[in-house]
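Q: Protein chains in written order, with this note's numbering: chain H, 40 to 424; chain W, 91 to 647.
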Amino acid sequence: MASCCSLKVLTLFSLFIVPGAVESNNIEAKAGQFFSSGHTNNWAVLVCTSRFWFNYRHVANTLSVYRSVKRLGIPDSHIVLMLADDMACNHRNPKPATVFSHKNMELNVYGDDVEVDYRGYEVTVENFLRVLTGRLPPSTPRSKRLLSDDHSNILIYLTGHGGNGFLKFQDSEEISNVELADAFEQMWTKRRYNELLFIIDTCQGASMYERFYSPNLMALASSQVGEDSLSHQPDLAIGVHLMDRYTFYLLEFLEDIHPASTANMNDLFKVCPKSQCVSTPGHRTDLFLRDPGNVLITDFFGSVRKVEITMETINLTAPMVHLAVERPVSELKTESQSYVDQLPVAEIIHQKPKQRDWHPPDGFILGLWTLILLVFFKTFERGLV
Amino acid sequence: MAAIEVERHRGRLAALAIAVVVIAVGVPLWWKTTETYRAWLPVTQINQLAQLQLQLSVEVEVVFSRGTLTAEHQKKIDPTHTRLEEHPVDETTVLSYRYETRYRTATIMEEDALNQPTAAETDESLHLLSESPCGSVVIYVVPESTTLLPEGVSVYVGQRRTALLRAGRPMRVGVGLKEVLAHLETQVQQVLKVMSFSHSDITAALSDRVRLDYSSREGLADSMRAFKSSPGYEITFSLLNPDPKSHHLHWDIEAAVQSYIQPLLSKLAPVADFSLDSQILYYAVLGVNPRFDPSLNAYTLNADSLSHVINPVEARLGSSAASSNPVLNFLLYVPDARHSPLYITDHRKYTVVSNAFSSPRWGGIMVYNVNGTELPVHINIDMTRVMGVFLAQLRLMLGVQSSTPPPGFLVGPCGPAGLADWELDRLLWSRSVENVATATTTITSLAQLLDQIGNIVINDNIAEQVSAAVASLQLAVGQLEAGNLGLALQYSKEAILHSERAFFDPSLLHLLYFPDDQKFAIYIPLFLPMCVPILLSLLKMAAEARQRRRERQDKKE
Numbered sequence: 040m041a042s043c044c045s046l047k048v049l050t051l052f053s054l055f056i057v058p059g060a061v062e063s064n065n066i067e068a069k070a071g072q073f074f075s076s077g078h079t080n081n082w083a084v085l086v087c088t089s090r091f092w093f094n095y096r097h098v099a100n101t102l103s104v105y106r107s108v109k110r111l112g113i114p115d116s117h118i119v120l121m122l123a124d125d126m127a128c129n130h131r132n133p134k135p136a137t138v139f140s141h142k143n144m145e146l147n148v149y150g151d152d153v154e155v156d157y158r159g160y161e162v163t164v165e166n167f168l169r170v171l172t173g174r175l176p177p178s179t180p181r182s183k184r185l186l187s188d189d190h191s192n193i194l195i196y197l198t199g200h201g202g203n204g205f206l207k208f209q210d211s212e213e214i215s216n217v218e219l220a221d222a223f224e225q226m227w228t229k230r231r232y233n234e235l236l237f238i239i240d241t242c243q244g245a246s247m248y249e250r251f252y253s254p255n256l257m258a259l260a261s262s263q264v265g266e267d268s269l270s271h272q273p274d275l276a277i278g279v280h281l282m283d284r285y286t287f288y289l290l291e292f293l294e295d296i297h298p299a300s301t302a303n304m305n306d307l308f309k310v311c312p313k314s315q316c317v318s319t320p321g322h323r324t325d326l327f328l329r330d331p332g333n334v335l336i337t338d339f340f341g342s343v344r345k346v347e348i349t350m351e352t353i354n355l356t357a358p359m360v361h362l363a364v365e366r367p368v369s370e371l372k373t374e375s376q377s378y379v380d381q382l383p384v385a386e387i388i389h390q391k392p393k394q395r396d397w398h399p400p401d402g403f404i405l406g407l408w409t410l411i412l413l414v415f416f417k418t419f420e421r422g423l424v
Numbered sequence: 091m092a093a094i095e096v097e098r099h100r101g102r103l104a105a106l107a108i109a110v111v112v113i114a115v116g117v118p119l120w121w122k123t124t125e126t127y128r129a130w131l132p133v134t135q136i137n138q139l140a141q142l143q144l145q146l147s148v149e150v151e152v153v154f155s156r157g158t159l160t161a162e163h164q165k166k167i168d169p170t171h172t173r174l175e176e177h178p179v180d181e182t183t184v185l186s187y188r189y190e191t192r193y194r195t196a197t198i199m200e201e202d203a204l205n206q207p208t209a210a211e212t213d214e215s216l217h218l219l220s221e222s223p224c225g226s227v228v229i230y231v232v233p234e235s236t237t238l239l240p241e242g243v244s245v246y247v248g249q250r251r252t253a254l255l256r257a258g259r260p261m262r263v264g265v266g267l268k269e270v271l272a273h274l275e276t277q278v279q280q281v282l283k284v285m286s287f288s289h290s291d292i293t294a295a296l297s298d299r300v301r302l303d304y305s306s307r308e309g310l311a312d313s314m315r316a317f318k319s320s321p322g323y324e325i326t327f328s329l330l331n332p333d334p335k336s337h338h339l340h341w342d343i344e345a346a347v348q349s350y351i352q353p354l355l356s357k358l359a360p361v362a363d364f365s366l367d368s369q370i371l372y373y374a375v376l377g378v379n380p381r382f383d384p385s386l387n388a389y390t391l392n393a394d395s396l397s398h399v400i401n402p403v404e405a406r407l408g409s410s411a412a413s414s415n416p417v418l419n420f421l422l423y424v425p426d427a428r429h430s431p432l433y434i435t436d437h438r439k440y441t442v443v444s445n446a447f448s449s450p451r452w453g454g455i456m457v458y459n460v461n462g463t464e465l466p467v468h469i470n471i472d473m474t475r476v477m478g479v480f481l482a483q484l485r486l487m488l489g490v491q492s493s494t495p496p497p498g499f500l501v502g503p504c505g506p507a508g509l510a511d512w513e514l515d516r517l518l519w520s521r522s523v524e525n526v527a528t529a530t531t532t533i534t535s536l537a538q539l540l541d542q543i544g545n546i547v548i549n550d551n552i553a554e555q556v557s558a559a560v561a562s563l564q565l566a567v568g569q570l571e572a573g574n575l576g577l578a579l580q581y582s583k584e585a586i587l588h589s590e591r592a593f594f595d596p597s598l599l600h601l602l603y604f605p606d607d608q609k610f611a612i613y614i615p616l617f618l619p620m621c622v623p624i625l626l627s628l629l630k631m632a633a634e635a636r637q638r639r640r641e642r643q644d645k646k647e
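(1) Excluding five sequence neighbours on each side, which residues of the same chain lie with their C-beta closer than 6 Å to the C-beta of valine 150 of chain W?
(2) Give me whichever residues DSSP pairs with serine 368 of chain W in a beta bridge.
(3) If we count the other Cβ atoms within 10 Å of its Cβ and call it buried at 16 or more, is asparagine 137 of chain W buried or exposed?
(4) Please list, in chain order, all residues of the same chain as valine 133 of chain W whose beta carbon is under 7 Å from its beta carbon, the five residues on each side excluded.
(5) Just checking: is the beta-carbon of glutamate 212 of chain H within a distance shorter than 7 Å of some beta-carbon in chain W?
(6) Report, in whole angstroms, the separation of the C-beta atoms of tyrosine 433 of chain W and threonine 390 of chain W, which I expect to be a contact under 8 Å.
(7) Using the Cα positions of proline 358 of chain H and serine 349 of chain W, report the straight-line distance between them to the nearest angstrom.
(8) Distance, Cα to Cα, alanine 633 of chain W vs arginine 102 of chain W?
(9) With a threshold of 16 other CB atoms inside 10 Å of the CB of proline 384 of chain W, please say whether the residue is buried or exposed.
(10) Is the stretch 306-320 of chain H touching the stretch 341-352 of chain H in the sense that three or more CB pairs, one from each, lie closer than 8 Å?
(11) What does arginine 158 of chain H pair with, by DSSP beta-bridge criteria?
(12) Run down chain W in chain order and give the residues with a C-beta less than 7 Å from the C-beta of asparagine 80 of chain H.
(13) Between which two residues does the beta strand (DSSP E) containing histidine 289 of chain W stretch?
(14) Do alanine 558 of chain W and serine 582 of chain W come within 7 Å of each other at the CB atom, strictly closer than that value?
(15) Please work out which residues of its chain come closer than 6 Å, Cβ to Cβ, to isoleucine 239 of chain H, disregarding the five sequence neighbours upstream and downstream, and give them in chain order.
(16) Tell me whether isoleucine 136 of chain W sits in a helix, a strand or coil according to DSSP, three-state version.
(17) Hey, could you find the ends of the alpha helix (DSSP H) methionine 487 of chain W is sitting in?
(18) Output the distance between the C-alpha atoms of tryptophan 519 of chain W and phenylalanine 287 of chain W, rounded to the nearest integer angstrom.
(19) Who pairs with serine 270 of chain H in a beta bridge, going by DSSP?
(20) Just to confirm the assignment, what range does the beta strand (DSSP E) spanning glutamine 555 of chain W have?
(21) Under three-state DSSP, which class holds methionine 314 of chain W?
(22) Interface residues of chain W around glutamine 225 of chain H at Cβ under 7 Å?
(23) Report all residues from its chain with a CB closer than 6 Å to the CB of serine 319 of chain W; omit the five preceding and five following residues, and keep chain order.
(24) Helix or strand or just coil, what does DSSP make of arginine 194 of chain W?
(25) For tryptophan 82 of chain H, count the other beta carbons within 10 Å of its own beta carbon; 16 or more makes it buried, fewer makes it exposed. Which is it?
(26) Assign cysteine 128 of chain H to buried or exposed, taking buried as 16 or more other Cβ atoms, counted over all protein chains shown, within 10 Å of its Cβ.
(27) Taking valine 334 of chain H and tryptophan 92 of chain H to be in contact with their CB atoms under 8 Å, please state how far apart those CB atoms are, rounded to whole angstroms.
(28) Report the option in W/Asp595, W/Asp515 and W/Met620 whose CA atom is closest to the CA atom of leucine 577 of chain W.
(29) Which two residues bound the contiguous alpha helix (DSSP H) that contains tryptophan 227 of chain H?
(30) Mind checking which residues open and close the alpha helix (DSSP H) that includes phenylalanine 416 of chain H?
(31) Could you confirm whether any beta carbon from chain H is found closer than 7 Å to the beta carbon of isoleucine 108 of chain W?
(32) How would you call alanine 507 of chain W, buried or exposed, if buried means at least 16 neighbouring beta carbons within 10 angstroms?
(33) Counting only runs that start and end within the stretch 297-353 of chain H, where is the beta strand (DSSP E) found for 3 or more residues in a row?
(34) Looking only at its chain, what residues have a beta carbon closer than 8 Å to the beta carbon of methionine 285 of chain W, apart from the 5 residues adjacent to it on each side?
(35) If I measure Cβ to Cβ from valine 556 of chain W and keep anything under 6 Å in the same chain, skipping five residues before and after, which residues do I get?
(36) Report, in whole angstroms, the separation of the C-beta atoms of leucine 289 of chain H and tyrosine 95 of chain H, which I expect to be a contact under 8 Å.
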């Protein structure tokens, strides 16, 4: 087992040497970029785990990351968005159908095309682990599945309330760091990812990535064990805190990234230093095989497709077979259709009240009559005597 | 006094009886009821499968036509010859290739066939004579002076599984049989590298088991380009018309698919199921603004900006919600009137002839320029040209490698289906090996996982699927050894199906992680109040018994 691991490490080190050797000119450098990252598609799993109105900021966090990831190119079909509660249509929301991420309501992250795959009570630990490991019932539609392959880079973003070694889901259950690490290991054995970036914005978030042991994982957390992640600013009109600090500064950083940008992971590690965040963000790169300085932000947050020019074509010489389409000519005269009277108003108005079946008298009536009879008989008795 | 003694004795018996019941009945009962149901898995067979020893057998037939072999050589030649190559890949995987070569001379009918004017016709008439089984290769050795092959070409690879090999110099009279055969052997090996599998193909197919050393860029690009083996694929053809006011487009997609794509897919039916659909999207724009190039008097899209084209379009392409099969998208984009004509330029600023590009594991996009002076322009799209490009891209996506043949080789046209038989064989070889490798890793990692996590329930249906997968795998490996490629692929597909079903069964979700301190916290309030009195009474009985023994010993002394 150890020799197998060392062989894997050795073969992947040789993968680094190759891109270095081909950096001859700029075009070759770009082509080298193609081969050094080794991924052909991008997926994102964004999860907000808390419900209730006062956890508005967690939904806003997740929707901000969703917005950035979509802007940088990952399509909805490759994003699994799980929101545990619906803030936009919550009856306590003074501005319905909006979720703001900045005070003074500057940025509405709940736009026209938010596609939530798991909503409300569907966001459970079980469903989250099922999405990650792929063990979904066969009736699950495509949009709710993580159909990644061995050349997919996956971004996983979790936010909510957490503690030392666990993350709370829906205020009723929790996922432990061991379960998460096991789920990632199962993903690795089935080659469901090429590289995985794990970002968590909760209190004591660093405890969640302590137990990882699968290769090619990079993790970022908003606070260390023993520290709390704090929220950014309340909005007085809406009445709740709108964003968490770490994700707020992360969003600010991502707004500067465009699909062709060359910012790398070392810049991401510098997001939200202690002066701004109050908590100390942490990261873990020891399981990651490439150097974080060589990893582009768009490798995970965007979806830069690799393209190849088609050089060869096939010369087709056979003529096209035109299908003889025979549409049956119907001689029947179809009778004109009309809608059935949808609401028979006339019938309803002139309806007689339905005869209801006789039921024995209710408890209240019985009690009332008993009282009356008692009083009557008592007075009668009194009267007689 | 005696009554107290009797009472104490009865108490002792009672305590002993309770302790016996608790230990003999209670503990096994608790153990049995908190056990998770785990059906039996064929663990020894799975561990055997972890050590994969694949042997691939190829049947090669070398037919000598008249004039290539002298009469005495014909008499002395050994009709069969087996060559075995061993390639250990890593400590758990060993590959061995067995080439069984049969030598014979051509029959009269084959000689007639070889007398045709061109190589293509020869190929056709040879095929009419006999059909070679899947996975085999037939090489016809023709004399050096033959006119079938043009100058400088020593091998012609036909549409089916035959090749024409020009006899080399040593085939002349006076040379010993051994030199002739040795020279022939090297040439035959070269032919087999093209027509049958090569070692790099097979090791690339094993990428699930073995983390490979990509020493060549082509190797990595090839592995990233083709889709992994899947039971089905969905192919979607989309026509993008961003400017319906100016262009009225008509494409006869049904006829085109029926004539050009369907033959290829029918030929690939043993590999996977395909489902086809098509759509027309209006007002769908590319996400990139093309630049006007005055030298070409046209708009150009540079190769660097092509990668940003796909994402805005992908949001509008649908895919079937019901299946989880990989989707191949082929887009035909007709540029709007303001940006016509539009050409794609490569890195060196030359326009690309096909005006198309593809993205690995996603699909292809072709730009179709229409020119018309008066708007609106009614266009009947030339589906032959379009399908030629899409067919080439489809072949690449499905894993039909089109590596350049070595010098001196002439590869014939691929035939009406767009796929030559030997190309199909190569695909079948790599698919079977890939399926076998994937299925073995799935089963072994499932067994490892179930071993590691002790409280996952293993239902009977999972055990059934695992046993079925193991049986199919053994059959597939056996068929590969025997050289029956078609059956091997079928069994390997069954193995994949069963192993995937077993691995991804929804009931195998491990949600029962209890750290040790939580386990103690659950059991202590239940068992401690019950066990403490029993233990204490047992200890008390033991202390009393010891004391009595000491008294008795004192009494004796």
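Each residue gets a CB set at the ideal place from its N, CA and C atoms; glycine is no exception.
A: In short:
(1) Tyr189, Thr191 and Val227
(2) W/Phe327
(3) exposed
(4) Ala537
(5) no
(6) 5 Å
(7) 8 Å
(8) 12 Å
(9) exposed
(10) no
(11) H/Leu122
(12) Arg451
(13) That residue, histidine 289 of chain W, is in no beta strand (DSSP E); its alpha helix (DSSP H) goes 289-295.
(14) no
(15) Leu197, Met247 and Ala260
(16) helix
(17) 473-488
(18) 7 Å
(19) H/Asp283
(20) Note, glutamine 555 of chain W: premise wrong, no beta strand (DSSP E); alpha helix (DSSP H) at 550-572.
(21) helix
(22) Leu539
(23) Arg521, Glu524 and Asn525
(24) strand
(25) buried
(26) exposed
(27) Between tryptophan 92 of chain H and valine 334 of chain H the Cβ distance is about 38 Å, and since that is not below 8 Å, they are no contact.
(28) W/Asp515
(29) 216-228
(30) 402-423
(31) no
(32) buried
(33) 321-323
(34) Val227, Val247, Arg251, Ala253, Trp512, Asp515 and Arg516
(35) Leu131 and Ala592
(36) With a Cβ gap of about 18 Å, leucine 289 of chain H and tyrosine 95 of chain H do not count as contacting.
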